[in-house]
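Residues 668 to 1283 in the numbering used here are what the sequence shown lists, from first letter to last.
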Amino acid sequence: MRHMCREIDRTMCSPVRRSHCVPVLCALLVGLPAVLAQPSVDITLNTRQPYVGEPLVLTLSVDFSKGVGEPQIPDIADCGVKVGRANTSTFYSSVNGQKASVRRSVAYPIYITPRKPGPLHIPSITIEADGQRFRTQEQDLIVRETPTSAVPDASNADSSDPTADLLMVEITSESQHLYVGQQAVFTLSIWVKPPRINGQLLDEHSMFSCIRASYGPFANSETHVRQVRRRAASGETELYYVYESSNSVTLDAPGPLIFDGVRVQIPKYPLRIERQFFDNVITKSLPVPPRLPVVDVPEVLPLPTENRPPSFEGAIGQYRLTAMAVPSNVRVGDPIQFVIDVYGDPLDTLPGPDLAANEALNADFRVPVEELAGTIHESLGERFKRFTQVIRATRADVTTIPPIEFCYFDPEVGEYVVEKTDPIPILVSASDSLDATDLDIAMDTPQDPASQVAVRDGLRGNVSDEVQLLQSIAPVTTTQIVAVTCAGPLAFAAFWCLLAISRRGNERSARRRRAALKTAEQRLRDVETSNRPSSDIEAALAGYLADRLDEPPQRFRGSAGVEYLTAQRVSPELVQRYAEVQRRSEEAAYAGTTAADATLTNLARQCLHDLEQEQL
668 MRHMCREIDR TMCSPVRRSH CVPVLCALLV GLPAVLAQPS VDITLNTRQP
718 YVGEPLVLTL SVDFSKGVGE PQIPDIADCG VKVGRANTST FYSSVNGQKA
768 SVRRSVAYPI YITPRKPGPL HIPSITIEAD GQRFRTQEQD LIVRETPTSA
818 VPDASNADSS DPTADLLMVE ITSESQHLYV GQQAVFTLSI WVKPPRINGQ
868 LLDEHSMFSC IRASYGPFAN SETHVRQVRR RAASGETELY YVYESSNSVT
918 LDAPGPLIFD GVRVQIPKYP LRIERQFFDN VITKSLPVPP RLPVVDVPEV
968 LPLPTENRPP SFEGAIGQYR LTAMAVPSNV RVGDPIQFVI DVYGDPLDTL
1018 PGPDLAANEA LNADFRVPVE ELAGTIHESL GERFKRFTQV IRATRADVTT
1068 IPPIEFCYFD PEVGEYVVEK TDPIPILVSA SDSLDATDLD IAMDTPQDPA
1118 SQVAVRDGLR GNVSDEVQLL QSIAPVTTTQ IVAVTCAGPL AFAAFWCLLA
1168 ISRRGNERSA RRRRAALKTA EQRLRDVETS NRPSSDIEAA LAGYLADRLD
1218 EPPQRFRGSA GVEYLTAQRV SPELVQRYAE VQRRSEEAAY AGTTAADATL
1268 TNLARQCLHD LEQEQL
């Protein structure tokens, strides 16, 4: 028997066996996050200020699921609702050529078309994944009326100006009420009527390159574009490109808002574009003079003085707070780390609660009088500001740390709100070795170690009797044993859960990359079945590169795509075929050809499949 055990041990511990264990262990480590990860549901909106009659796109995404049911959407008042076809993406990870884990993502586009202006409430949407029912968060939006005039304001442009309806600038806000000190979000909307060149509308990105603007507080904001129909003064509707940028602004004075730093113009509004030396050149244009924005937001109001609590320190927004104390079992005079976390927005200039003014806290504890200085943290995607103060109990009969008040003004309801923490139970025991002088010494730290030794002999409070020493040792409890035993596995599981959650932030870009080929092929099929122009073939190739590299499509339009592939050392034969498709597409566009060539479509499709094999 011992001989057999030695043979088994020798076989399992041989270098060959150990080499097989490494990929198995790697596969387990790679696949563990997918096993631990539970299905998660998220929603995204293409805008929070839709217009009447404009479809609002709500994308419902389900990650880390094996089976997903149809979303159940309750009735939404005064809205048309349509659920699009689900887009499924699957991501495989492998170790040494072996499939280690599979991650599946399903996205449902939901089109909500509001029929009247005003507040829009989107209730929770229920969806079933892996046998569990998930509910999304409710959403509250503002639906805006479609503009009915050629320009937003008659004073903004001359009605006789032929360019009056080509460019319009507006600034709006979701907030119904604005107050001094509030940090409100504003949206800059630039309306541009696209020209029709050779029978086709100029695309959004080419039109945006013609705009020259001073954006003021929106200079560093990301710009999104969408197509919206706008009703002119004649009653007819026209298609516009709306370029929107949002940013938060702190309101520092009451009265009407003026965004004098925003100014937009189009020096050369294109009327004719020609191809010259591998680039598009505007050969005929019309100057559109500068436009000042029309500010469609309420006036800024001063904070009300009525019913203002004495504890109000200037916090404006919506907040909640929690508190904890470490340790909770102390002697009289021992330091207690009292931690207060305030969740909400904004946090940068948020003042902390005034602990020195809290009478209930000061009655039982020694509290420093200095103002709290907080630090901003983030946990599980939620930001909070942490305020920490050292307090010390003054009596042995203290049983709780009393609630702490935090007052803020809620601009959404226009009222002051007082939040309170829960009382924190603590256990305070008497200390025979501390008198009033010792308590003062504990509160006031000496300037240097020598002065501390001069005040205290260093031996007071020490116990030498064996019985007393044994009594001072706390017994080990069952709770402590369980906590120590489970701490390791729980920490390991928490690590992988946090890793899985952090990967969600990159899921959208990953889904776009994985669906690049599928999206481009769908565009080519649309060209074949819908009698689309040949210029859409070149747009499909540029869109493929943009999706795969997570970049804006305009980066690869025209000769830019050829230059990029050349710089990436893609095979010259493939670059040549890509350039051929791009050249023939543009020639067909400027020649006014309305139907795409089937041969050119097949050549583009072959380019896509060959590019899929390249390392870009």
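All C-beta atoms in this analysis are idealised placements derived from N, C-alpha and C, irrespective of residue type, glycine included. In this text, all values refer to a predicted model and were calculated from it rather than measured experimentally.
Cα-Cα separation, residue i to residue j
i, j, result
"Gly-1228", "Val-916", "39 Å"
"Gly-1081", "Phe-853", "19 Å"
"Glu-1240", "Ala-886", "43 Å"
"Ser-842", "Asp-1015", "21 Å"
"Val-708", "Gly-1048", "15 Å"
"Glu-795", "Gly-736", "5 Å"
"Arg-957", "Gln-716", "Checking the displayed sequence, the identity of residue 957 turns out to be Pro instead of Arg. Pro-957 and Gln-716: Cα-Cα distance of roughly 25 Å."
"Val-895", "Val-810", "13 Å"
"Ser-1201", "Ile-743", "41 Å"
"Ser-995", "Gly-922", "50 Å"
"Lys-951", "Ser-876", "16 Å"
"Gly-1225", "Arg-942", "10 Å"
"Pro-700", "Phe-801", "Model confidence at Pro-700 stands at a pLDDT of 49, short of 50, so the residue's coordinates are unreliable; what they give is reported in the following sentence. Taking the straight line joining both Cα atoms gives about 21 Å."
"Leu-1165", "Arg-1175", "18 Å"
"Glu-1045", "Ile-1058", "25 Å"
"Pro-1013", "Arg-1053", "14 Å"
"Pro-971", "Ser-840", "21 Å"
"Ser-728", "Asn-754", "9 Å"
"Ser-1096", "Asp-1001", "10 Å"
"Gly-734", "Gln-806", "26 Å"
"Thr-726", "Leu-712", "7 Å"
Secondary structure of residue i, DSSP reduced to three states
i, result
"Leu-988", "strand"
"Asp-1077", "strand"
"Ser-1202", "helix"
"Leu-968", "strand"
"Ser-756", "strand"
"Leu-1278", "helix"
"Ile-1148", "helix"
"Glu-1254", "helix"
"Leu-1165", "helix"
"Ser-1238", "coil"
"Pro-1156", "helix"
"Asn-947", "strand"
"Phe-1223", "helix"
"Ala-982", "coil"
"Val-909", "strand"
"Arg-975", "coil"
"Val-1229", "helix"
"Gly-928", "coil"
"Glu-1045", "strand"
"Arg-1215", "helix"
"Gly-1210", "helix"
"Gln-739", "strand"
Where the beta strand (DSSP E) containing residue i begins and where it ends
i, result
"Thr-726", "723-730"
"Ser-1096", "1094-1096"
"Ala-796", "793-796"
"Thr-813", "Careful: Thr-813 lies outside any beta strand (DSSP E) and carries neither H nor E."
"Phe-801", "799-802"
"Gly-785", "785-789"
"Val-1084", "1082-1087"
"Lys-860", "No beta strand (DSSP E) contains Lys-860, which DSSP labels as neither H nor E."
"Gly-747", "746-750"
Beta-bridge pairing of residue i - partner residues as DSSP gives them
i, result
"Phe-853", "Ser-840 and Asn-914"
"Phe-662", "This structure cannot settle anything about residue 662, because the visible part of the chain is limited to 668 through 1283."
"Tyr-936", "Leu-953"
"Pro-1002", "Arg-1059"
"Leu-845", "Val-967"
"Val-773", "Val-729 and Thr-755"
"Asp-1012", "Gln-985"
"Asn-996", "Leu-1094"
"Leu-653", "Examination of residue 653 is not possible in this model, given that the chain is present from 668 through 1283 alone."
Residue-chain proximity (residue i, chain C), Cβ-Cβ < 8 Å
i, result
"Pro-937", "The structure shown contains no chain C; it is built from a single protein chain."
Run of the alpha helix (DSSP H) containing residue i, from where it starts to where it stops
i, result
"Gln-1189", "1183-1196"
"Ile-808", "The residue asked about is misnamed: residue 808 is Leu in this sequence, not Ile. Not the alpha helix (DSSP H): Leu-808 falls in the beta strand (DSSP E), residues 806-810."
"Asn-865", "Per DSSP, Asn-865 belongs to no alpha helix (DSSP H) and is neither H nor E."
"Glu-713", "Before going on, a small fix: residue 713 reads as Asn here, not Glu. Looking at the DSSP string, Asn-713 is not in any alpha helix (DSSP H), and its letter there is neither H nor E."
"Asn-1029", "1026-1031"
Residue i CB to nearest heavy atom of the ligand GDP below 7 Å
i, result
"Ser-1238", "As far as ligands go, the structure on display features none, and thus does not contain the ligand GDP."
At 4 residues or longer, and completely inside the segment 871-901: list those alpha helix (DSSP H) runs for me, N to C. 871-875
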